Amino acid sequence: MSAEEMAREDPLLGALQGTAAVEEEHGRAPVRQFQVPPDELARATTYLLGKDGHFAGIFRSECDDSLRALVALRGELVILHAPLDGARSYPSLSRVTPAALFAERELHDVSGVVPLDHPQLEPALRPNADALERVVTGPETFVIPYGPIRSGVFEAIQFPIDTGGEDILALSVRPYFKRRNLEARFKDLDHEHGAYLAERIAGTEGVAQALAFAQAVESVAGVDPPRLAQRWRAVHAELERIANHLDVGIKLAEDAALSVGVARFGALKEEVMRLRARLCGNRFGRGVVIPGGIRDEPLLSAAEVRRAVDSFENDLRRDRSLLLATASFTDRLIGSGSLDGEAVTRYGGVGPIARACSLGIDARLERPYDAYGRLGFRIARATSGDAMARFDVRLEEIDQSLHVVRQALERIGGESAALRHPLADSSGEGYGWAEAPSGEVIYWLALEGGRLQEAHIVSPSLRNWPLLSESYRGDVLTDVSFIEHSFGLTPAGADR
Amino acid sequence: MLKWLFRGLRHGIVTTGYPARPERAPTGYRGRIAVLRPDDAPESVASLCPTAAIRVEDGRISLDRGRCILCGACVTNAPERFAFEADYETAVRRRSALVLGEEAPTVLEELLPTLGDRSWTLRRSIHIRHVDAGSDGAEEWEIQALTNPYYDMQRLGLYFTLAPRHADVLLVTGGVTHSMRDPLLRTYEVMPEPKAVIAVGTDACSGGFSATTGEVAGGVDQVLPVDVYVPGSPPAPIAILHGLLLAVGVVAREAAA
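In order, the protein sequences belong to chains P and D. Numbering of the first sequence is given in numbering that gives the first Met the number 0, commencing with residue 0 and proceeding in unit increments. Numbering of the second sequence is given in numbering that gives the first Met the number 0, commencing with residue 0 and proceeding in unit increments.
Dropping the structure here:
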């Protein structure tokens with residue numbers, strides 16, 4: 000087939016060929032990798048974004064000295080692979096999409112490769128809490144350094160707020176206070192140990208992290224986990240989603256000083272955490288997902304989990320309708336922290352934040368993995384894009400998660416099928432992803448003889464944080480915690 | 000509001016009786032690792048552990064629970080030597096007490112008196128400040144859980160405070176990253192005497208996975224004097240409560256070896 004014919008058959012490839020992109024062999028659909036010269040990266044990215052693509056991230060892989068830019072399209076993940084061949088700079092992608100701002104600063108700090116014309120290239124990875132820059136200058140305005148130690152039992156992150164006293168004039172986000180450089184820690188681990196590290200990158204979304212890691216290893220090895228293991232994985236992943244969404248409910252009720260709501264949602268979350276502990280021995284579902292399947296026989300039968308889920312749902316319904324009928328709670332959420340779908344797309348936002356702006360983005364449906372292709376559920380969506388919409392989306396997602404858990408459990412019989420397929424000591428590179436409670440997490444891994452050579456993680460927290468700076472129009476200082484908590488992001492995910 | 004009240008009442012009491020009554024972990028709970036057969040171990044046993052918690056010297060296994068992330072790699076691959084124990088009370092007052100199977104240190108670590116011993120009034124009303132110095136986020140969930148109805152730590156006179164100047168206890172999570180070192184130290188310095196520091200989680204005890212990445216100090220005790228260590232990845236709420244009561248002096252019983 001000639002290049003022209005190919006271009007007609009596949010418009011994506013055709014247009015990318017206009018930017019000197021060449022499709023590379025890649026093991027598994029729906030991932031397509033194109034080789035592009037570094038100078039053409041920005042043009043190719045622009046093209047993909049024009050096709051309704053969501054920019055996911057960019058990193059430099061050490062093992063072959065190349066850049067990889069990830070753009071998620073409907074139904075496929077497109078990788079622009081740009082070998083550097085010793086070059087130490089390339090035209091910055093931040094000029095074509097603000098979604099690349101943090102990722103390129105990180106890339107620069109870690110590898111020294113310079114994204115040319117990046118608007119803000121000072122070091123980011125070891126922030127100094129006291130070195131604050133004012134976004135708004137003028138008489139009678141000042142900046143409040145909210146963080147890194149904040150008002151409550153929260154993770155470390157800083158939100159410098161420019162204000163004249165009450166109105167938010169600018170809200171900035173400074174992550175990386177707790178960066179542990181764990182991506183580098185993957186080197187030389189075998190895949191079992193790698194899974195244990197993955198679930199500790201962002202502890203509250205550990206199952207999703209381990210899932211994305213495991214899929215990447217499985218894609219290199221060319222092995223699918225047994226169906227039974229896929230179903231149990233879905234049960235664990237959805238219980239994790241429910242716990243995270245309930246946690247957002249606790250935090251929002253606390254912001255609204257609704258102590259009974261805090262207590263009731265706290266009790267609901269505790270029920271879920273205890274169920275997880277009874278199911279696998281760990282309250283966070285750790286040690287369950289490993290490449291090739293799941294590690295151990297579950298400690299509860301499908302019927303026992305089903306009973307626990309039923310009783311939980313009963314409790315949830317009553318508390319939820321009470322909460323939504325409490326005006327002192329809903330009034331604080333309605334209209335706070337409004338985002339529109341255009342801004343979310345521009346920044347490559349994912350998860351409930353995107354879905355609350357009526358964007359139907361969900362890796363479980365767009366690029367189904369494990370059992371999700373065979374389980375039915377709806378994408379929860381809302382239209383207004385404010386804190387209330389995000390909370391509504393989460394409540395609806397809890398329902399959908401319960402629905403998924405029930406379907407998965409129905410298909411888990413008393414059979415004694417294998418829980419894990421053995422993996423050969425394979426070599427190569429692969430991508431894996433999972434829809435974490437806060438949005439899609441993507442892993443890129445390079446393996447050599449079964450050992451990890453390199454790992455890069457595209458984290459939903461890092462993709463969503465910049466949106467906080469777009470969300471405060473007309474809001475006042477006391478709205479900040481509502482806005483932040485309605486985002487439901489874990490700083491550990493970005494500060495990996 | 001009245002509806003909320005009835006909703007709460009209808010549910011009955013779910014709160015634990017701990018520490019007056021023991022709280023049992025569910026069957027199969029992975030609270031800590033026990034060494035079943037410490038002797039005649041090949042060197043290769045040490046490589047089962049991703050965080051170097053297991054050491055083998057002269058064929059004898061030692062296990063550092065302060066480094067153990069409870070992943071269970073050793074239990075899975077050498078079930079004849081290692082097993083999980085369903086224990087909640089895992090906190091200790093000396094770092095060396097977390098190390099199993101090593102000779103007792105010749106120089107005894109200084110044991111800080113409990114808060115209750117330093118000031119009698121600090122037994123019934125303790126204010127706690129938390130600082131995240133590089134955790135994975137899970138420890139924060141488990142600390143916050145102490146206020147939910149199942150644990151209700153206020154019943155024991157334990158309260159969170161936002162102001163470090165009002166705090167008696169500092170709960171630190173994470174292995175202390177570069178950026179969090181100064182904020183952590185400043186928080187500690189402005190706390191009034193007497194004060195206690197609790198390292199919550201394996202990362203806070205030793206750095207865990209991040210110990211060797213060059214980004215963390217390798218545990219809170221590298222930066223501050225630590226009164227109580229609560230290992231676990233993450234420790235369960237009851238384990239953290241155990242650590243708090245140990246620091247205050249309400250509970251004297253440390254984790255058994």
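The beta carbon of each residue, even a glycine, is placed where N, CA and C say it ideally should be. The structure presented is a predicted model; accordingly, all values stated were derived computationally and were not measured.
Check                                                                                                                                                                : Outcome
Please name the residue in S468/P, F481/P, T477/P, T489/P whose C-alpha comes closest to that of P97/P.                                                              : S468/P
What residue does the beta strand (DSSP E) around R430/P start on, and which one ends it?                                                                            : Strictly speaking, residue 430/P in this sequence is Tyr, with Arg absent from that position. From DSSP, the beta strand (DSSP E) with Y430/P extends over 427-435.
Where does S93/P fall in DSSP's three states?                                                                                                                        : coil
Using a Cβ-Cβ cut-off of less than 7 Å, list which residues of the stretch 286-299 of chain P approach chain A; keep chain order.                                    : The structure shown contains no chain A; its protein chains are P and D.
Report yes or no: is there a C-beta of chain P within less than 9 Å of the C-beta of P148/D?                                                                         : yes
First and last residue of the beta strand (DSSP E) that includes R94/D?                                                                                              : Unbroken run through R94/D: none, as it is neither H nor E.
Which chain P residues are close to Q221/D, counting only those with a beta carbon under 7 Å from its beta carbon?                                                   : The contacting residues do not exist; Q221/D stays about 15 Å from chain P at best.
Just the Cα atoms here: how many angstroms apart are A342/P and T489/P?                                                                                              : 21 Å
Terminal residues of the continuous alpha helix (DSSP H) containing D318/P?                                                                                          : 301-323
Less than 6 Å between C-beta atoms, sequence neighbours within five positions excluded: which residues of the same chain meet that for V287/P?                       : H235, C279, I293
Under 8 Å by Cβ, that's how I've got L466/P and L338/P pegged, so tell me the actual separation to the nearest angstrom.                                             : 6 Å
Any beta-carbon of chain D closer than 9 Å to the one on R496/P?                                                                                                     : Absent from the structure is residue 496/P, since the part of chain P shown begins at 0 and ends at 495.
What residues in the stretch 231-249 of chain D bring their beta carbon closer than 8 Å to a beta carbon of chain P?                                                 : S232, P233, A235
Under the assumption that E214/D contacts R179/P (Cβ atoms under 8 Å), give the Cβ distance between them as a whole number of angstroms.                             : 5 Å
Tell me the rounded alpha-carbon separation between S400/P and S327/P.                                                                                               : 28 Å
Nearest CA to the CA of L35/D: which residue from W3/D, P78/D, T26/D?                                                                                                : P78/D
With 9 Å as the threshold, decide whether the Cβ of I297/D is near any Cβ in chain P.                                                                                : There is no way to answer for residue 297/D, as the model of chain D reaches only from 0 to 256.
What whole-angstrom Cβ distance do L157/D and I125/D have, given they're in contact under 8 Å?                                                                       : 5 Å
Is the stretch 129-137 of chain P touching the stretch 422-432 of chain P, taking contact as three or more C-beta pairs under 8 Å?                                   : no
Give a yes or no on whether 9 Å exceeds the smallest Cβ distance from V259/P to chain D.                                                                             : yes
Counting Cβ pairs, one atom from each stretch, are 3 or more of them under 8 Å apart for the stretch 89-104 of chain D and the stretch 138-148 of chain P?           : no
Going along the chain, which unbroken runs of the beta strand (DSSP E) with 3 or more residues stay wholly within the stretch 161-243 of chain D?                    : 168-172, 195-199, 227-229
Ignoring anything shorter than 4 residues, give me the alpha helix (DSSP H) runs that lie fully in the stretch 122-148 of chain P, in order along the chain.         : none
Do you know how far the Cα of A255/P is from the Cα of R331/P?                                                                                                       : 7 Å
From the DSSP secondary-structure annotation, give me the bridge partner or partners of A81/P.                                                                       : L66/P
For a test of the three-state rule: what should DSSP assign to S460/P, helix, strand or coil?                                                                        : helix
A266/P and H10/D - do their beta-carbons sit closer together than 9 Å?                                                                                               : yes
Determine whether the beta carbon atoms of D369/P and A233/P lie at a separation below 9 Å.                                                                          : yes
Considering only their Cβ atoms, is the gap separating G231/D from T89/D smaller than 9 Å?                                                                           : yes
What are the residues of the stretch 201-235 of chain P that lie near chain D, defined by any Cβ-Cβ distance shorter than 9 Å?                                       : A201, G202, T203, E204, G205
Determine contact between the stretch 188-195 of chain D and the stretch 70-86 of chain D, defined as no fewer than three beta-carbon pairs at a distance below 8 Å. : no
At a Cβ cut of 8 Å, what residues of the stretch 2-17 of chain D count as close to chain P, listed as they run along the chain?                                      : K2, W3, L4, R6, G7, H10, V13
Alpha carbon to alpha carbon, what distance is there between A388/P and M5/P?                                                                                        : Confidence at M5/P is low in this model, with a pLDDT of 49, below 50, so the placement of that residue is unreliable and no value is reported for it.
Looking at the unbroken alpha helix (DSSP H) that takes in F264/P, where does it start and where does it end?                                                        : 258-279
Which residues in the same chain have their Cβ closer than 7 Å to the Cβ of S61/D, if we skip the five residues on either side of it in sequence?                    : R54, V98, L99, G100, E101
Taking 8 Å as the threshold, find out whether the stretch 203-221 of chain P comes into contact with the stretch 212-228 of chain D through three or more Cβ pairs.  : no
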